[in-house]
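Participant: Take this structure first; my questions come after.
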Amino acid sequence: MFLGSLRGRLLWWLLLPLAAFVSVSGWMSLRSAQATADLMQDNALVSSMRIIGEDIDWDNGSVVVQIPPAALELFESPEQDSVFYRVEASGHRLLAGSTELPLPPRTGYDPTFFSTRLDDGRTVRAVAYVRQLYDSGRREEVTVVVAKTPGSRDAMVWQLLRPQLLGEVLTLVLAMVFVYLGLTFELRPLMKLKDDVADRNPSQLEPIRVARLHFELRPIVDAINRCIARMSEQTATQRQFISDAAHQLRTPLTLLDAQIQFARQRENSDAPLADALLGMHKSSHRMTRLTNKLLLLAQAESAQPSRVRERVDLNAVIAGVLEGLIAFAQTRQIDLGAELEDDLFVMGDEALTAALVTNLVDNALRYTQAGGRVTVEAHCNEDHDRALIRVVDDGPGITAEARARVFERFYRASSGTDGTGLGLPIVREIAHRHGGTVTLEPGEGGIGLVVTVEMRLWEAVASTAGTRGDI
Ligand SMILES: Nc1ncnc2c1ncn2[C@@H]1O[C@H](COP(=O)(O)OP(=O)(O)OP(=O)(O)O)[C@@H](O)[C@H]1O
Ligand SMILES: [Mg+2]
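When we follow the working numbering, the leftmost residue of the sequence shown carries the number 49, and every step to the right adds one.
What follows is the structure in C-alpha cells.
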C-alpha cells in the first residue's frame, strides 16, 4: 500500500541506492579497520618477540632464556587475551614456553607471521624468527615464537568500525526523514489541486488556478482546464438551447391559454368561438410540431455510432417519405417526383435517414409556390463510394446571407409560413452522425434551391471492411 503512493515509491527509489552505498562503504570501513587492527596486533607480536629474543644469552656454555615481564605486558587488555610463546634451541631443545604452540612451516631470520589453531581449537595469530648466538666459536640458532588469541584485535576492529557505521546509518535515516518531509511539503500543491477539483460542485466550471505550481504539473492543470472549458462551452450551448426551446414553447402556450379563456367567455356566440377554436388548433398543432422536432433533434444528437451502421435501402426510404407527403403536395398543387438510381444502399439508421429526407421534402413543398415542382434525386457519385441525395425545387430559394444562418437552431428565413426553424439543423445533425455533409445551392439559372446530402454507400464501406459481416 505504501509503495502505491508517489511518496512511498520515491522514498523507495532513494532508499535502494542509499542502502547500497551504506553497504559498500560499510564493507570498505570493515576492511580498513581489520587492516589497522591486524597491523597493530602484528607490531605488538614483533615487539614482544624481539624483547624475548634479546634476553637469550649464554650461561656456562649453554643457551638460557629469561622471559622479561615487559614482553607479555604488551598484550594486556580488557579482553584478557591468552599469550603463548615457545623458545627452542637447535635440536628442538625447549628453552621456554610450551610445545603446544606449533612452529611455522618455515622460519627465517626475519619475522614470519602466521595463523594457526591450537590443540584446544583456539585460533591464534603468531610470529616467529630465528636468532643466531655465538660464543667462543660456537654457533647456536634459537627459534622464538610468540602468539596470542584475537580478542583485543577483534575488539579494536569493532571500535574502529562503530563510529563509521553509526555515521552512515545516521546519514541514511536523516536523508530519509528530510526527503519524506521535503516530499510532503512539495506535494502540497498537488494535494491542494486534488482538493480543488474534488470539492467543486457540478456548476463550478471556471478554470483551476493554483498559485505555486511546479512546471511538471502545469500541463496536467492545463489539460484539466481545457477539459473544463469544453464542458463549460457545451453546458452553455445546452442551456441556450433549453432557454430558446422554452421561449419557443411559451408563445404557442400563451396563445392557447388566451384562446381557451376567450372561448370560455364567449360560449354562446358561435362565430368567435369557432375562430378561437381554430386558433387553439393551430397553436396546439405548432406545439406538437415543435415538440416532435425537439424530440427528433435530441434523438439525432444522442444517436450512438453503432446505431447508424444498418444497411438502408435509400430508394425505399425516399419512396416511403414521398408517399407520406404526396397528399400535402397535392394540396399545394406541387408536382412531386423522384429520379432514383437502382440498388442504392447506404450505411445508416433507417428512421433518421427517413427523417432527414422528410425535412428536406417538407421544406421544398412548403416554401415553393403553388404550381411548382419538387424532385428528389438519388444516385451515387463518380467515385462510387457515396450516395448523393438531392432535393431540387423551383421555389424562391434562400439568399446567400440566409444560407449562412439556416443551420442555426430556431432561425427562420421566411415569416409567411409556420415553422420551428429546427428542420435544417436536424438535417445537418443527422448527416453529421452518418459521416455525411449537407450543402445548399441555388438551382439551375439561380431559380429555386438544391439541397445535397452525401452519405456513405453500404457497398463502399463493406468492401473497405473486407466482408459485410465485419461492419
Ligand atoms: N426549399 C426551401 N426554399 C426556400 N427556403 C427554404 C427552403 N428550405 C428552407 N428554407 C428556409 O430556411 C429556413 C430554415 O428552414 P428549417 O427547415 O430549418 O426551418 P423551418 O422550415 O422554418 O421550420 P421547421 O422546423 O418546421 O422545418 C426556413 O425558415 C426557410 O425560410
Ligand atoms: Mg423546415
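Note that CB positions come from ideal geometry on N, CA and C, so glycine has one too.
Within the continuous alpha helix (DSSP H) that includes E234, where are the two ends?
Facilitator: Counted from its first residue, the sequence shown places residue 234 at position 186. From DSSP, the alpha helix (DSSP H) with E234 extends over G199 to E234.
Participant: Take every Cβ of the stretch 438-445, pair it with every Cβ of the stretch 497-505, and state whether three or more of those distances are shorter than 8 Å.
Facilitator: Contact holds: three or more Cβ-Cβ distances are below 8 Å.
Participant: Answer with yes or no whether the minimum CB distance from E216 to chain D is below 9 Å.
Facilitator: The structure shown contains no chain D, having only a single protein chain.
Participant: Is any non-hydrogen atom of ligand 2 found closer than 8 Å to the C-beta of L241, if you look at the structure I gave you?
Facilitator: Within the sequence shown, numbered from 1, the residue matching residue 241 stands at position 193. No.
Participant: State the DSSP-derived secondary structure class of L64, mapped to helix, strand or coil.
Facilitator: The residue you call residue 64 lines up with position 16 of the sequence shown. L64: helix per DSSP, three-state reduction.
Participant: So does R414 have its beta carbon nearer than 8 Å to some heavy atom of ligand 2?
Facilitator: For the purposes of this step, residue 414 is identified with residue 366 of the sequence shown, where counting begins at 1. True, at least one ligand heavy atom lies under 8 Å from that Cβ.
Participant: Count the C-beta pairs between the stretch 343-356 and the stretch 397-410 that are closer than 8 Å, then say yes if the count reaches three, no if not.
Facilitator: Counting Cβ pairs under 8 Å, three or more are found: they touch.
Participant: Leaving out five residues before and five after Q307 in sequence, what residues of the same chain have Cβ atoms less than 6 Å from its Cβ?
Facilitator: Residue 307 sits at position 259 when you count from the first residue of the sequence shown. Excluding five sequence positions before and after Q307, the CB atoms of its chain that fall closer than 6 Å to its own CB belong to A324, G327 and M328, given in chain order.
Participant: Quick one, which of S332, N411, I446 and L436 has its alpha-carbon nearest T485's?
Facilitator: Position 437 of the sequence shown, counting from 1, holds the residue named residue 485. Considering only alpha carbons, the answer is L436.
Participant: Kindly indicate the opening and closing residues of the alpha helix (DSSP H) around L497.
Facilitator: Here residue 497 refers to the residue found at position 449 when the sequence shown is read from its first residue. Where L497 is concerned, there is no enclosing alpha helix (DSSP H), although the beta strand (DSSP E) it sits in stretches over L497 to R504.
Participant: If you check the beta carbons only, do A367 and H432 fall under 9 Å apart?
Facilitator: The count along the sequence shown starts at 1 and reaches residue 367 at position 319. The count along the sequence shown starts at 1 and reaches residue 432 at position 384. Their beta carbons are not under 9 Å apart, which means A367 does not touch H432 by this criterion.
Participant: Buried or exposed: S463, going by 16 or more other Cβ atoms within 10 Å of its Cβ?
Facilitator: Residue numbering aside, residue 463 sits at position 415 when the sequence shown is read from its first letter. Residue environment: S463 is assigned as exposed (fewer than 16 neighbouring CB atoms within 10 Å of its CB, all protein chains considered).
Participant: Do you know whose CA, among Y133, L181, G199 and E387, lies nearest H427's CA?
Facilitator: Taking the first residue of the sequence shown as position 1, residue 427 is located at position 379. The alpha carbon of H427 has as its nearest neighbour, out of Y133, L181, G199 and E387, the alpha carbon of E387.
Participant: Just list the residues that DSSP pairs T164 with in beta bridges.
Facilitator: Locating residue 164 in the sequence shown gives position 116, where the first residue counts as 1. Paired residue(s): V172.
Participant: With 16 other CB atoms within 10 Å as the buried threshold, where does L222 fall?
Facilitator: Walking along the sequence shown from the start, residue 222 turns up at place 174. Exposed, by the Cβ-count rule.
Participant: Run the proximity test for N340: is its beta-carbon closer than 8 Å to any non-hydrogen atom belonging to ligand 2?
Facilitator: For this step, residue 340 is matched to residue 292 along the sequence shown. No.
Participant: Looking at ligand 2, does it come within less than 8 Å of G494, judged from the CB to the closest heavy atom?
Facilitator: Translated into the one-based positions of the sequence shown, residue 494 becomes position 446. No - ligand 2 has no heavy atom lying nearer than 8 Å to the Cβ of G494.
Participant: Would you mind sorting R506 into buried or exposed? The rule is 16 or more other CB atoms within 10 Å of its CB.
Facilitator: Position 458 of the sequence shown, counting from 1, holds the residue named residue 506. It should be pointed out that residue 506 corresponds to Trp in this sequence rather than to Arg. Classification of W506: buried, given that the 10 Å Cβ count is 16 or more.
Participant: When you compare the CB positions of T197 and D129, do they come within less than 9 Å of one another, or not?
Facilitator: On the sequence shown, position 149 is the one that residue 197 refers to. On the sequence shown, position 81 is the one that residue 129 refers to. Yes, Cβ-Cβ distance for T197 and D129 is below 9 Å.
Participant: Below 7 Å CB to CB, which residues in the same chain sit around E389 once its five sequence neighbours on both sides are set aside?
Facilitator: For the purposes of this step, residue 389 is taken as residue 341 along the sequence shown, with counting starting at 1. Exclusion of the five residues before and after E389 leaves A426, H427 and C428 as the residues of its chain whose Cβ lies within less than 7 Å of its Cβ.
Participant: I'd like the list of long-range same chain contacts for A377, defined as Cβ closer than 6 Å, with 5 residues on each side in sequence excluded.
Facilitator: Within the sequence shown, numbered from 1, the residue matching residue 377 stands at position 329. Closer than 6 Å at Cβ, skipping near neighbours: L384 and L413.
Participant: Identify the residues that DSSP records as bridge partners of E492: which are they?
Facilitator: Looking up residue 492 in the sequence shown gives position 444. Answer is none; E492 lacks a bridge partner.
Participant: Going by DSSP in three states, G385 sits in which element: helix, strand or coil?
Facilitator: Counting from 1 along the sequence shown, the entry for residue 385 is found at position 337. Note: G385 maps to strand in three-state DSSP.
Participant: When the distance is taken between beta carbons, is T155 closer than 9 Å to V135?
Facilitator: The sequence position of residue 135 within the sequence shown is 87, counting from 1. The sequence position of residue 155 within the sequence shown is 107, counting from 1. No; because the gap between Cβ atoms is not below 9 Å, this pair is not in contact.
Participant: Quick check on I308: does DSSP put it in helix, strand or coil?
Facilitator: Within the sequence shown, numbered from 1, the residue matching residue 308 stands at position 260. The answer is helix: DSSP assigns I308 an H, G or I state.
Participant: With DSSP as the reference, label L241 as helix, strand or coil.
Facilitator: As a working mapping, residue 241 is identified with position 193 in the sequence shown. Looking at L241 - three-state DSSP - the assignment turns out to be helix.
Participant: Distance check for L208 and L181, CA to CA, integer angstroms please.
Facilitator: On the sequence shown, position 133 is the one that residue 181 refers to. On the sequence shown, position 160 is the one that residue 208 refers to. Going from the Cα of L181 to the Cα of L208 covers about 41 Å.
Participant: Assuming the contact rule is C-beta atoms closer than 8 Å, V193 and L151 should be a hit. Round their C-beta distance to whole Å, please.
Facilitator: Here residue 193 corresponds to residue number 145 of the sequence shown, with the count starting at 1. Here residue 151 corresponds to residue number 103 of the sequence shown, with the count starting at 1. Contact holds; Cβ gap of about 6 Å.
Participant: Within the chosen definition, does the stretch 247-255 reach the stretch 263-282 through at least 3 CB pairs nearer than 8 Å?
Facilitator: Pairwise C-beta distances place the stretch 247-255 in contact with the stretch 263-282, as three or more of them are shorter than 8 Å.
Participant: How about G372: is its Cβ closer than 8 Å to a heavy atom in ligand 1?
Facilitator: Here residue 372 is taken as the residue at index 324 of the sequence shown, counted from 1. Outside the cutoff, so no.
Participant: With a threshold of 16 other CB atoms inside 10 Å of the CB of R57, please say whether the residue is buried or exposed.
Facilitator: In the sequence shown, counting from the first residue as 1, residue 57 sits at position 9. Label assigned to R57: exposed.
Participant: Just the C-alpha distance for T379 and D305, rounded to the nearest angstrom, thanks.
Facilitator: In the sequence shown, counting from the first residue as 1, residue 379 sits at position 331. In the sequence shown, counting from the first residue as 1, residue 305 sits at position 257. Their Cα atoms are separated by approximately 30 Å.
Participant: Please report how far the alpha carbon of Q89 lies from the alpha carbon of R201, in whole angstroms.
Facilitator: The residue labelled residue 89 in the question sits at position 41 within the sequence shown. The residue labelled residue 201 in the question sits at position 153 within the sequence shown. Straight-line Cα distance between these residues: approximately 6 Å.
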